[in-house]
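**Student:** Residue numbers for the sequence shown follow the numbering used here, beginning at 1249 and rising by one. Cβ coordinates follow ideal geometry from the N, Cα and C atoms, glycine included. This is the structure I want to talk about, given as structure tokens.
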Amino acid sequence: MPTDGIPQAEEFWTVAGRRFRSRLVVGTGRYKDLEETARAIEASGAEMVTVAVRRVNLSDPSSPMLQDYVPPDRYTYLPNTAGCHTAQDAVRTLRLAREAGGWNLVKLEVLGPPPFLYPDMQGTFEAAEALIKDGFEVMVYCADDPVAAKRLEEMGCVAIMPLGAPIGSGRGIANPFLIHAIVQQSKVPVLVDAGIGTASDAAMAMELGCDAVLLNSAIAHARDPVRMARAMKQAVQAGRDAFLAGRMPRIGAADPSSPTAGLIR
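Put into structure tokens, the structure is as follows:
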């Protein structure tokens, strides 16, 4: 801490003993093809990418494979349980992923029914408990609920990932107060996951004090995914700097920026 009391920007953030410089985590799905996927991820500056184990080809060399475009020796793969609606499916999916690729750091999500696909917290608790007992390092997608988030942390999850808004909705952060509350109480990294629609949403997540942002659709569904990926990279960096700088207070009246004393009359 410098003498002026202003914290300095951390060079890295850490989850489960792994260090990352980029605070943007991106998905690998929903692009028109793997070539576009690779270009967008490169432009984002991300070092960690999520992989929907049930939807992405990781093992059939007769078809295009993600590894050929997004090499795992360059990016940290984060297998996730996208599309799982029960704890049993989520646990089975991640056990298969570990057998196939040796991945131990994973993202758990157990989804409720359409149309909102809101996190099923009962299923999430059940799956998290089983995975942690099985030796997984669990980054967990959850409701924007400080009580549930704290319980998951105390169970042993290595990162808490509250939704900003429903998956793929692009509605931004619906409850910034609750996200900030989760950040304030957490001793493990907090990442906003789901609902980010544009760069200002990502910046807001970082201004709330999140350690990182995870998104996919906001880039993949943009008219120009590569340009949007660059915008997200810059937004995350700007939001983190703004958080560390400390915003001016909100007040209920005007406060002129020019001094009122000594006016020329």
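Would T1341 and V1358 be called neighbours here (beta carbons separated by less than 8 Å)?
**Tutor:** As a working note, residue 1341 is residue 93 in the sequence shown. As a working note, residue 1358 is residue 110 in the sequence shown. Not a contact, by the Cβ cut-off of 8 Å.
**Student:** Note down, in chain order, each residue of its chain lying with its Cβ closer than 8 Å to the Cβ of Y1279, except the 5 sequence neighbours on either side.
**Tutor:** Residue 1279 sits at position 31 when you count from the first residue of the sequence shown. For Y1279, where only same-chain residues beyond five positions count, the Cβ hits under 8 Å are T1285, A1288, A1468 and P1473.
**Student:** Under 6 Å Cβ to Cβ from R1419, same chain only, skipping five residues before and after it: list those, please.
**Tutor:** Numbered from its first residue, the sequence shown carries residue 1419 at position 171. Only A1413 and G1443 meet the Cβ criterion.
**Student:** With a threshold of 16 other CB atoms inside 10 Å of the CB of T1455, please say whether the residue is buried or exposed.
**Tutor:** Within the sequence shown, the letter at position 207 stands for residue 1455. At residue 1455 the sequence reads Glu, which differs from the Thr that was named. E1455 should be labelled buried.
**Student:** Could you tell me how far apart the beta carbons of N1464 and V1274 are, in whole angstroms, since I believe they sit closer than 8 Å?
**Tutor:** If you number the sequence shown from 1, residue 1464 lands on position 216. If you number the sequence shown from 1, residue 1274 lands on position 26. Sure, about 6 Å apart at Cβ, within 8 Å.
**Student:** Below 8 Å between beta carbons: does that hold for L1356 and L1379?
**Tutor:** By 1-based counting over the sequence shown, the position of residue 1356 is 108. By 1-based counting over the sequence shown, the position of residue 1379 is 131. In this structure, L1379 lies closer than 8 Å to L1356 by Cβ.
**Student:** DSSP three-state label for K1280, please.
**Tutor:** By 1-based counting over the sequence shown, the position of residue 1280 is 32. Coil, per DSSP.
**Student:** Which residues does DSSP list as the beta-bridge partners of Y1325?
**Tutor:** Counting from one through the sequence shown, the residue named residue 1325 turns up at place 77. In DSSP, Y1325 forms a bridge with V1297.
**Student:** Where DSSP assigns a beta bridge to V1354, which residues make up the other side?
**Tutor:** Here the question's residue 1354 lines up with position 106 in the sequence shown. The partner list for V1354 (beta bridge, DSSP) reads V1386.
**Student:** Give the DSSP-derived three-state secondary structure of M1476 in the structure shown.
**Tutor:** Reading the sequence shown from its first residue, position 228 is the one you call residue 1476. Helix.
**Student:** Is it a yes or a no for the segment 1293-1301 touching the segment 1324-1333, going by three-plus beta-carbon pairs under 8 Å?
**Tutor:** Flag = yes, the segment 1293-1301 and the segment 1324-1333 touch.
**Student:** Could you give the distance in angstroms between the alpha-carbon of G1500 and the alpha-carbon of R1322?
**Tutor:** Within the sequence shown, numbered from 1, the residue matching residue 1500 stands at position 252. Within the sequence shown, numbered from 1, the residue matching residue 1322 stands at position 74. Roughly 49 Å between the two C-alpha positions.
**Student:** For L1426 and D1393, what's the separation of their Cα atoms in angstroms?
**Tutor:** Position 178 of the sequence shown, counted from the first residue, corresponds to residue 1426. Position 145 of the sequence shown, counted from the first residue, corresponds to residue 1393. The alpha-carbon atoms of L1426 and D1393 are separated by roughly 7 Å.
**Student:** Examine the Cβ distances between the segment 1478-1492 and the segment 1427-1441 and report whether three or more of them are shorter than 8 Å.
**Tutor:** With a cut-off of 8 Å, the segment 1427-1441 and the segment 1478-1492 do not count as touching, because too few Cβ pairs lie within range.
**Student:** Taking the beta carbon of D1368 as the centre, do at least 16 other beta carbons fall within 10 Å, making it buried, or is it exposed?
**Tutor:** Numbered from 1 along the sequence shown, position 120 holds the residue referred to as residue 1368. Buried, because 16 or more other Cβ atoms sit within 10 Å of the Cβ of D1368.
**Student:** Determine the contact status of D1459 and P1437, defining contact as a CB-CB distance below 8 Å.
**Tutor:** Sequence index remark: in the sequence shown, residue 1459 carries index 211 (1-based). Sequence index remark: in the sequence shown, residue 1437 carries index 189 (1-based). Yes.
**Student:** Take the Cβ of S1505 as the centre, count every other Cβ of all protein chains shown within 10 Å, and call the residue buried at 16 or more, exposed below.
**Tutor:** Residue 1505 sits at position 257 when you count from the first residue of the sequence shown. Its Cβ having fewer than 16 others within 10 Å, S1505 is exposed.
**Student:** Helix, strand or coil, according to DSSP, for V1273 in the structure here?
**Tutor:** Within the sequence shown, the letter at position 25 stands for residue 1273. V1273: strand per DSSP, three-state reduction.
**Student:** On the CB-based measure, 16 or more other CB atoms within 10 Å of its CB, does D1382 come out buried or exposed?
**Tutor:** Residue numbering aside, residue 1382 sits at position 134 when the sequence shown is read from its first letter. Looking at its Cβ environment, which holds fewer than 16 other Cβ atoms inside 10 Å, D1382 is exposed.
**Student:** Residues in the same chain with beta-carbon distance under 6 Å from L1462, minus the five sequence neighbours each way, listed in chain order, please.
**Tutor:** The residue labelled residue 1462 in the question sits at position 214 within the sequence shown. Closer than 6 Å at Cβ, skipping near neighbours: V1273, L1439 and D1441.
**Student:** Rounded to a whole number of angstroms, what is the C-alpha to C-alpha distance between T1276 and A1422?
**Tutor:** Stepping through the sequence shown from its first residue, residue 1276 is reached at position 28. Stepping through the sequence shown from its first residue, residue 1422 is reached at position 174. So the alpha carbons of these two residues sit roughly 24 Å apart.
**Student:** Using a 10 Å radius around the Cβ and a threshold of 16 neighbouring Cβ atoms, would you call V1297 buried or exposed?
**Tutor:** Translated into the one-based positions of the sequence shown, residue 1297 becomes position 49. The residue in question, V1297, is buried, as its Cβ has 16 or more Cβ neighbours within 10 Å.
**Student:** Cα-Cα, which of A1348, D1337 and R1266 is closest to E1374?
**Tutor:** Within the sequence shown, residue 1374 is the residue found at index 126, counting from 1. Nearest option by C-alpha distance: D1337.
**Student:** Determine whether the beta carbon atoms of A1450 and A1483 lie at a separation below 8 Å.
**Tutor:** Taking the first residue of the sequence shown as position 1, residue 1450 is located at position 202. Taking the first residue of the sequence shown as position 1, residue 1483 is located at position 235. Cβ atoms of A1450 and A1483: closer than 8 Å.
**Student:** Determine which residues share a DSSP beta bridge with T1262 and list them.
**Tutor:** The count along the sequence shown starts at 1 and reaches residue 1262 at position 14. Answer is R1267, bridged to T1262.
**Student:** Do you know whose CA, among P1363, Y1366, A1391 and E1401, lies nearest E1377's CA?
**Tutor:** Position 129 of the sequence shown, counted from the start, is the residue given in the question as residue 1377. Among P1363, Y1366, A1391 and E1401, the Cα nearest to that of E1377 belongs to E1401.
**Student:** Around the C-beta of P1255, are 16 or more other C-beta atoms found within 10 angstroms, so that it is buried, or is it exposed?
**Tutor:** Residue mapping note: residue 1255 aligns to position 7 of the sequence shown, counting from 1. With a pLDDT of only 49 at P1255, under 50, the local geometry of the prediction cannot be trusted, and no value is derived from it.
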